[in-house]
Structure formats: C-alpha cells, structure tokens
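Number of protein chains: 2
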Amino acid sequence: MNSPMKPDRQHVAHDEADLDFTLIELLFFAYRDFTSDPDAILARYGFGRAHHRVLHFVNRRPGLTVAELLAVLRITKQSLARVLKQLINMGYIVQVQGPRDRRQRELYPTKKGRTLALALAVPQSRRIRAALEEAGIEDRAALERFLKAMVNPELRAQVDLPGRSAERTSERGKTE
Amino acid sequence: MNSPMKPDRQHVAHDEADLDFTLIELLFFAYRDFTSDPDAILARYGFGRAHHRVLHFVNRRPGLTVAELLAVLRITKQSLARVLKQLINMGYIVQVQGPRDRRQRELYPTKKGRTLALALAVPQSRRIRAALEEAGIEDRAALERFLKAMVNPELRAQVDLPGRSAERTSERGKTE
DNA sequence: AAATTATGTCAGCCATATTGACATAATTAG
DNA sequence: CTAATTATGTCAATATGGCTGACATAATTT
Numbered sequence: 007m008n009s010p011m012k013p014d015r016q017h018v019a020h021d022e023a024d025l026d027f028t029l030i031e032l033l034f035f036a037y038r039d040f041t042s043d044p045d046a047i048l049a050r051y052g053f054g055r056a057h058h059r060v061l062h063f064v065n066r067r068p069g070l071t072v073a074e075l076l077a078v079l080r081i082t083k084q085s086l087a088r089v090l091k092q093l094i095n096m097g098y099i100v101q102v103q104g105p106r107d108r109r110q111r112e113l114y115p116t117k118k119g120r121t122l123a124l125a126l127a128v129p130q131s132r133r134i135r136a137a138l139e140e141a142g143i144e145d146r147a148a149l150e151r152f153l154k155a156m157v158n159p160e161l162r163a164q165v166d167l168p169g170r171s172a173e174r175t176s177e178r179g180k181t182e
Numbered sequence: 007m008n009s010p011m012k013p014d015r016q017h018v019a020h021d022e023a024d025l026d027f028t029l030i031e032l033l034f035f036a037y038r039d040f041t042s043d044p045d046a047i048l049a050r051y052g053f054g055r056a057h058h059r060v061l062h063f064v065n066r067r068p069g070l071t072v073a074e075l076l077a078v079l080r081i082t083k084q085s086l087a088r089v090l091k092q093l094i095n096m097g098y099i100v101q102v103q104g105p106r107d108r109r110q111r112e113l114y115p116t117k118k119g120r121t122l123a124l125a126l127a128v129p130q131s132r133r134i135r136a137a138l139e140e141a142g143i144e145d146r147a148a149l150e151r152f153l154k155a156m157v158n159p160e161l162r163a164q165v166d167l168p169g170r171s172a173e174r175t176s177e178r179g180k181t182e
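Residue numbers (the numbering used here), protein chains in the order written: chain A, 7 to 182; chain B, 7 to 182.
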C-alpha cells in the first residue's frame, strides 16, 4: 500500500471528500427557515430574535438568574441588558430578588410573556412536527441524541431542564 | 361534552404540552455550537460569519450568480455587497461575466478561497462526525430527510447542488 | 474589614442586517 | 428601433445585536 500515485492522506489531512458538506448545508438551511418562523410575529411587537431567545429561556426555565441566562445565550451582560430591560418594561418578564442570595435576580415570565412565548413556539413546533412526519422519522430519540451530541460537552448541562422530573431528557439518565 | 371545568381545546389551540420545546431547544443549542467552530479561524482573517457563508456557497456552487447567492443566503443585495467586495478584493473570490447573459456575474472561488472554505468546514465536519458516532446514528438518511423537510418546500431546490450527479464533487470551476 | 460576586449601567465601537433611491449595462418585449 | 425589464452596483441612512472597558452598588464570603 501507499503507492506513489496516491495522494498522501496522512499529511493532506482534509480534502473535500472527507468533509460532510451535505450535513453542514442541511443544518444551515434547516436552521435558516426554522428561525424565520417567528419573525413575522416578533415584528408586530417591535421585537427581534434577541427578545425571542430571552423570552423563550425565561419561559422554559422560570426563576433562572441573569448569570444563568447569559451562559445559555452565550452573550455578554451588556448585550442582554437592552433586550431584557425592554421585556421587563413592557411587562413580559418580571424580576424577583433571589431567595437564597439577594444579589441575584430571578427571572419569571408574566402571563403576557408566557402567551407570547407560546405563540412564538407554535410555528416552530408545527414545522418540526411536519418534518418528522414527512421524513417518516421512527427513531426520534436518535435525532435527539444527535443534536445533543452536537453541543459542546461542557455545555450539555444547559440542554437539560433544571428541576423537572417529568420532562423528556432522552434516555440516558446519567449526566455526561 | 365540553364540561365547564375543562379547557376548551378546540379554541385554545396550543398549550405547552403540544409544543415540541425539546427539539426547538436542541436545534438552538446544536446550531449555536455548530456555528461557533469556525469563528476562531475567521477572526484571524478579519472575517465574520457573513464572509463564511458567502465563501461556503461560492465554493460549493462555483459559477452561481449574485442573484442566486442572495436567494440562498436570504439577505439583501446591500448586505451582501460589503462582504463580497472584501472577499473579491482580498483574492478569495473572482467574478466572471456570465456567458449566456453578460449582465450576470458568476462567482468562483480562487485556490486561496477554496483552501479557506475547506479549513472552515473541517471543524464543523469533525463535530458532525463525532456526533453521529456518539449518538450511534444508524439511519443517517433519516436525519438528512428530517433536516431537508425542515426547509421551506419552495426553497428545497437550493439544498440540492446544481448540475452534479449525486455526490460527485469533481473540480469544475475556473482558475483565477 | 476586605475581597469577591451578581447585577446594572455608561460610553463607544463593530458587524451585519434593513430600506429606498439611483446608475449602468444588457436583455427582452412591443 | 424603442421601451421596458433585468442584473448588478452603489450611496445614504438606519436598526439590531453583538462586543470591550470602566465603574457603581449591594450582598455575600473570606
């Protein structure tokens, strides 16, 4: 083996054939359209995608602190500030002083906030459901495992909801 | 039927239980980290994600026109202009007059452009490969079908590479 | 008492997106 | 042939959502 006519695969570590352009592009296209769903709704409220992300996670993890939210969104405090302030001023989110540590501000959605969060999730959920059906997905758990495995290992704890037993946390009980 | 104590499911079309928050969040987290991979590389070139997307699609669809690129990226001409101009000026992309329609500018990567495009794809491809393995994906085709089904039906043609039979990615494309 | 932490805020900067208007050249339609 | 349309490029202005650095306050920890 290793005939002189063959490219030296040990040194040329990557050529096009080795790269999974198919899934790279499918992820791009899928996410492009997935995120486009809520935009029309958001525009009617004068909000953008940043508001959506904040509202989503506050709704899903009620009581999370500002620091936790920053870690989930992977943005800085200053980037969050403007968006969060608007959501609070307009009555979608409330802050309450942390019970254990009074420096912390726990974030909760108001009823108005929950309603909007759900309204934004509806088209995304519908798209997912239609895609699962259309693709004839039988092993949904495999899809969840794949997506979770795409997340940086040290950040996978963020994927799981805190303090909720009834939630689907795709089979493996142990945290990794 | 329709007892006064039960919520009216026919009118309240969506409550939390109906919504696929699990996959909504998994898509968010997976894509968040997936896109973070090339950032370090791009920063060394003074480029951002916009440059990455342009270079990626020019590399993958050599000869595509400006209008086609705009449709794929779903941005406006003005948004593309600055980024494309930089990539051209810095020698990553070349424009050639369209053969059929001389108004069109066909876009091609230079060798330098192809090299960078591949370098950016490497960590993304590695992440995908590791996730497929870690998740023990056996039915890769199902995953591809799902992601493609997530794309707006009228835009699915964009997903398929033009003028290429199946998976063959031979070297067409003009040299600089 | 001092250090650290959680949060908030100010000021400014950058990247990427938008809309609208207009210019040019090439193609197509009448 | 002329007129309309098309593909592209460009200008100006604006919005959004990121960033860094600096500083302030209150609460907790050492």
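Every residue, glycine too, gets a C-beta built ideally from N, C-alpha and C.
Would you decide whether Ser-85(B) is buried or exposed? Buried here means 16 or more other CB atoms lie within 10 Å of its CB.
Residue numbering aside, residue 85(B) sits at position 79 when the second sequence is read from its first letter. Label assigned to Ser-85(B): exposed.
Residues of chain B with a CB under 9 Å from the CB of Ile-99(A): which are they?
Along the first sequence, one-based indexing puts residue 99(A) at 93. Using a Cβ-Cβ cut-off of 9 Å, Ile-99(A) is close to nothing in chain B; its nearest Cβ partner there is about 17 Å away.
Between which two residues does the alpha helix (DSSP H) holding Arg-88(B) run?
One-based indexing of the second sequence puts residue 88(B) at position 82. 83 to 95 is the extent of the alpha helix (DSSP H) around Arg-88(B).
What are the residues of the stretch 34 to 45 of chain B that lie near chain A, defined by any Cβ-Cβ distance shorter than 9 Å?
Residues Phe-34, Phe-35, Ala-36, Tyr-37, Arg-38, Asp-39, Phe-40, Thr-41 and Ser-42.
Please list the terminal residues of the continuous beta strand (DSSP E) segment that includes Glu-22(B).
Within the second sequence, numbered from 1, the residue matching residue 22(B) stands at position 16. Unbroken run through Glu-22(B): none, as it is neither H nor E.
What does Val-157(B) reach in chain A if we use C-beta pairs closer than 7 Å?
Indexing the second sequence from 1 puts residue 157(B) at position 151. Correct list: Phe-35, Ala-36 and Asp-39.
Residue-level contact to chain A via CB, Glu-160(B), 8 Å cutoff:
Here residue 160(B) corresponds to residue number 154 of the second sequence, with the count starting at 1. Answer no: the Cβ-Cβ gap between Glu-160(B) and chain A never drops below 8 Å.
Alpha carbon to alpha carbon, how far is Lys-154(A) from Gln-130(B)? Give it in angstroms, no decimals.
Position 124 of the second sequence holds residue 130(B). Position 148 of the first sequence holds residue 154(A). Each residue's alpha carbon lies about 15 Å from the other.
Looking at chain B, which residues of the stretch 91 to 118 of chain A have a Cβ within less than 7 Å of any of its Cβ atoms?
none
Would you tell me roughly how many angstroms separate the C-alpha atoms of Gly-104(A) and Pro-68(A), rounded to the nearest one?
As a first step, residue 104(A) must be located in the first sequence, where it is residue number 98. As a first step, residue 68(A) must be located in the first sequence, where it is residue number 62. Straight-line Cα distance between these residues: approximately 12 Å.
Is there a Cβ of chain A sitting closer than 8 Å to that of Thr-28(B), yes or no?
Position 22 of the second sequence, counted from the first residue, corresponds to residue 28(B). Yes, because at least one Cβ of chain A sits closer than 8 Å to the Cβ of Thr-28(B).
If you draw a straight line from the alpha carbon of Thr-82(B) to that of Asp-107(A), how long is it in whole angstroms?
Working through the second sequence from its first residue, we reach residue 82(B) at position 76. Working through the first sequence from its first residue, we reach residue 107(A) at position 101. Approximately 47 Å between the Cα atoms of the pair.
Going by the DSSP bridge assignment, what does Leu-70(A) pair with across the sheet?
Taking the first residue of the first sequence as 1, we reach residue 70(A) at position 64. Its beta-bridge partners are Leu-113(A).
Measure from the C-beta of Ile-134(B) to each C-beta in chain A and report whether the shortest distance is under 8 Å.
As a position in the second sequence, residue 134(B) is number 128, starting the count at 1. Output row for Ile-134(B): interface = yes.
Per DSSP, cross-strand counterpart(s) of Val-100(A)
For the purposes of this step, residue 100(A) is taken as residue 94 along the first sequence, with counting starting at 1. Paired residue(s): Tyr-114(A).
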